[in-house]
Amino acid sequence: MKVMVVFGTRPEAVKLAPVIQELERRRVQGAAVTTRVVLTGQHRELVASMLALFQIEAHEDLKIMRPGQGLTQVTVRVLEGLEPILQRERPDWVVVQGDTTSAFAAALAAFYAHVPVAHVEAGLRTSSLWLPYPEEANRRLITRLATLHLAATPWAAANLQQEGVPPEAIRVTGNPVVDALHQIRALPLRVAPDQEKRGEADPLAVPPWADEALRWLGEPGSLGILLTSHRRENWGEPLERICRAVLHILRAEPRARVLFPCHPNPRVRGVAQAILGGEARVRLTEPLGYLPFLKAMERASLILSDSGGVQEEAPAFGRPVLVLREETERPEAVEAGVANLVGTDVDRIVTRALELLRQAGANRQTLPPASPFGDGRAAPRIVSALLGEPVEPFQPSPGPGA
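Whatever position you read off the sequence shown (first residue = 1), add 6 for the numbering used here.
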């Protein structure tokens with residue numbers, strides 16, 4: 007059996023790395039399986055860092071990115087780049103993850119080539135095709151193209167069944183991001199003065215400014231807040247409200263301090279600088295590499311984010327998350343009590359943040375480390391499903407709010 011794994015962004019690389027490793031482990035143990043790793047090139051430097059971290063080598067790189075190109079151009083370049091590779095390799099499976107444009111285009115290319123598609127993290131849904139954009143449309147379209155649907159949780163599997171996906175085509179596996187966290191969270195960082203600003207060259211190395219920011223965030227006696235916001239729907243006024251909420255939190259809680267690794271988009275960085283740039287207890291920095299970002303989550307008392315990945319990762323560190331969105335495709339975290347949906351309303355953000363910070367002041371680990379998204383064994387389940395073997399049952403952790 008030949009399995010082709012296609013991805014282009016850092017989150018995809020993190021979640022698919024354990025699957026690629028497990029495929030190789032099974033090959034070494036004697037399974038008749040070979041793996042081909044194909045990069046689209048959507049986030050080349052960030053993905054290269056992840057491959058180095060997990061010791062994975064890519065076989066192909068489509069190198070699709072061009073300055074200023076939009077979603078249509080990304081889709082077309084992936085389709086054109088994958089077509090000859092699929093014709094040459096004739097894999098038994100094409101594996102894609104999540105909801106990126108790379109994942110959708112790869113699934114479409116595989117469909118055109120009559121190659122079955124396996125979709126990791128299938129079944130995430132919101133109530134609107136536009137929230138988030140374009141991810142919600144991408145994942146719904148991948149569902150229509152996929153043969154094997156690898157849902158992270160029972161909730162995601164139920165979504166698929168409600169849409170008419172046959173139960174025999176669905177496997178509940180847990181999310182491999184938890185596998186990745188278990189594997190790398192304890193790795194030590196080292197300070198490298200000559201390191202590139204986000205640490206792409208060496209995934210264990212950080213520049214001095216990042217090391218200092220991590221130490222500052224977790225300084226004894228402080229209540230560190232890690233803030234991230236990058237989604238299109240939060241650009242403009244929503245992000246302005248988020249930043250104003252941060253100011254209110256800082257005024258009300260003198261122990262609070264905020265680390266905000268800013269997305270390079272001027273619509274994010276400009277707003278953050280205008281509202282928060284003069285605050286002594288706010289650090290606006292370049293984006294952090296993946297491992298330094300995990301260290302930041304571990305050192306924070308509270309996380310404010312509109313990121314889906316952060317909602318999956320933070321529970322493993324026992325850190326509460328305020329989700330800066332009106333709706334989430336990961337309600338399991340909210341139901342388990344490890345995430346709070348607050349949107350971008352100033353009063354809601356401030357009220358809930360102060361409650362959680364004051365709890366953290368009495369007991370820094372405000373939640374037990376428990377994830378409703380995985381147990382660290384998603385990759386073996388995914389590979390078993392690809393090989394047509396029985397899949398070990400996955401039982402999500404109920405969490406503190408159950």
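Virtual Cβ for every residue (Gly too), placed ideally from N, Cα, C.
Should residue i be labelled buried (16 or more other beta-carbon atoms within 10 Å of its own) or exposed?
| i | result |
| --- | --- |
| Asp-312 | buried |
| Val-197 | exposed |
| Trp-99 | buried |
| Trp-161 | buried |
| Tyr-118 | exposed |
| Gly-227 | exposed |
| Val-82 | exposed |
| Arg-221 | exposed |
| Asp-105 | buried |
| Pro-97 | buried |
| Glu-95 | buried |
| Pro-173 | exposed |
| Thr-135 | In the sequence as displayed, the identity of residue 135 is Leu instead of Thr. Its Cβ having fewer than 16 others within 10 Å, Leu-135 is exposed. |
| Ala-345 | buried |
| Ala-175 | exposed |
What three-state label does DSSP hand residue i in the structure shown?
| i | result |
| --- | --- |
| Gln-103 | strand |
| Ile-309 | strand |
| Asp-217 | helix |
| Phe-299 | helix |
| Val-397 | coil |
| Asp-98 | coil |
| Glu-66 | strand |
| Asn-181 | coil |
| Gln-79 | helix |
| Arg-196 | strand |
| Val-171 | coil |
| Val-20 | helix |
| Leu-114 | helix |
Counting only the same chain and skipping the five closest in sequence on each side, list residues whose C-beta sits under 6 Å from that of residue i.
| i | result |
| --- | --- |
| Asp-381 | Gly-180 |
| Leu-393 | none |
| Thr-132 | Glu-142, Glu-333, Glu-335 |
| Pro-298 | Val-212, Ala-216 |
| Arg-261 | Ser-228, Leu-229 |
| Ile-355 | Ala-251, Val-348 |
| Pro-17 | Gly-315 |
| Arg-289 | Ala-219, Leu-265 |
Ordered along the chain, which non-local residues of its own chain (more than five positions away) have a Cβ less than 7 Å from that of residue i?
| i | result |
| --- | --- |
| Cys-249 | Val-277, Ala-278, Ile-281, Leu-282 |
| Glu-259 | Leu-229, Leu-360, Leu-363 |
| Pro-140 | Leu-77, Thr-107 |
| Leu-151 | Ala-113, Leu-114, Phe-117, Val-123 |
| Val-39 | Met-7, Val-9, Leu-29, Arg-32, Arg-33, Leu-393 |
| Lys-69 | Gly-47 |
| Glu-318 | Asn-181, Val-183, Arg-336, Phe-379 |
Taking the continuous beta strand (DSSP E) assigned at residue i, which residues delimit it?
| i | result |
| --- | --- |
| Val-277 | Here Val-277 belongs to no beta strand (DSSP E); instead the alpha helix (DSSP H) covers 272-282. |
| Gly-315 | Here Gly-315 belongs to no beta strand (DSSP E); instead the alpha helix (DSSP H) covers 314-319. |
| Pro-176 | Per the sequence presented here, residue 176 reads as Ile, with Pro not at that position. It spans 176-178 - the beta strand (DSSP E) in which Ile-176 sits, taken as one unbroken run. |
| Phe-13 | 8-13 |
| Phe-2 | Because the chain in this structure spans residues 7 to 408, residue 2 falls outside the shown range and cannot be described. |
| Ala-119 | Counting along the chain, Ala-119 falls outside any beta strand (DSSP E), and DSSP gives it neither H nor E. |
| Val-327 | 327-329 |
| His-155 | 154-157 |
| Val-43 | 40-45 |
| Ala-345 | 345-347 |
Could one say the Cβ of residue i lies closer than 8 Å to chain D's Cβ atoms, at least one of them?
| i | result |
| --- | --- |
| Pro-326 | In the structure shown, chain D does not exist; there is a single protein chain. |
Tell me which residue opens and which closes the alpha helix (DSSP H) that residue i is part of.
| i | result |
| --- | --- |
| His-236 | Looking at the DSSP string, His-236 is not in any alpha helix (DSSP H), and its letter there is neither H nor E. |
| Asn-144 | 141-151 |
| Glu-127 | Taken as a continuous stretch (DSSP letters only), Glu-127 belongs to no alpha helix (DSSP H), being part of the beta strand (DSSP E) at 123-128. |
| Thr-357 | 352-368 |
| Val-53 | 50-60 |
| Ala-339 | 337-341 |
| Ala-286 | Segment: none, Ala-286 is in no alpha helix (DSSP H) and carries neither H nor E. |
| Arg-387 | 384-392 |
Less than 8 Å between C-beta atoms, sequence neighbours within five positions excluded: which residues of the same chain meet that for residue i?
| i | result |
| --- | --- |
| Gln-413 | Residue 413 lies beyond the range of the chain shown here (7 to 408); nothing can be said about it. |
| Ala-391 | Ala-124, Leu-154, Leu-156, Arg-177, Thr-179, Val-397 |
| Ala-186 | Val-20, Lys-21, Ala-23, Pro-24, Phe-60 |
| Pro-194 | Leu-210 |
Let me check you understand the geometry: is the CB of residue i closer than 7 Å to at least one non-hydrogen atom of the ligand PLP?
| i | result |
| --- | --- |
| Leu-57 | Absence of the ligand PLP is noted for the structure shown, with no ligands found whatsoever. |
Between the segment 295-302 and the segment 108-126, are three or more C-beta pairs nearer than 8 Å? Not touching, per the Cβ criterion.
Do three or more CB pairs link the segment 241-257 to the segment 206-215 at distances below 8 Å? When Cβ pairs closer than 8 Å are counted between the two stretches, the segment 241-257 is seen not to touch the segment 206-215, the count staying below three.
Counting pairs of beta carbons, one from the segment 178-194 and one from the segment 8-21, are three or more of them closer than 8 Å? Between the segment 178-194 and the segment 8-21 there are three or more inter-stretch CB-CB distances shorter than 8 Å, so the stretches are counted as touching.
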